[in-house]
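A quick write-up on the structure given underneath.
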Amino acid sequence: EDGEFVEVFADAPLEECEKRDPKGLYKKARAGEIKEFTGIDSPYEAPANAEVVINTAENDIGECVRQLIAKIGV
């Protein structure tokens with residue numbers, strides 16, 4: 007249905023997020039330069055009921071897109 011909300015969880019472990027950090031924010035958070043950074047010194051809560059979960063650490067971007075399209079039917 008047009009306008010329907012679908013919660014999509016792009017799942018990646020913290021280590022992978024740190025590898026992909028082009029702005030160096032995780033490094034700054036670990037050095038104490040950024041306070042209450044999610045996943046470092048502030049808790050991260052994964053969505054409990056996402057309709058679509060895509061594991062971005064195990065799949066390249068093309069596969070992630072294919073999975074997303076298949077699951078939401080675009």
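Heads up: the sequence shown is residues 7 to 80, going by this note's numbering.
Even for Gly, the Cβ is constructed at its ideal location relative to N, Cα and C.
This structure is a prediction, so every number in the text was calculated from the model and none was measured.
query                                                                                                                            : result
What did DSSP end up calling I40 once you bin it into helix, strand or coil?                                                     : coil
With a 10 Å radius around its C-beta and 16 neighbouring C-beta atoms as the bar for buried, classify Y50 as buried or exposed.  : exposed
Do A63 and E22 have their C-beta atoms closer together than 8 Å?                                                                 : yes
Which partner residues does G12 have in the DSSP bridge list?                                                                    : Reading the sequence as shown, one finds Val at residue 12 and not Gly. Answer is none; V12 lacks a bridge partner.
Is there contact between the region 18-32 and the region 54-72, where contact requires at least three CB pairs shorter than 8 Å? : yes
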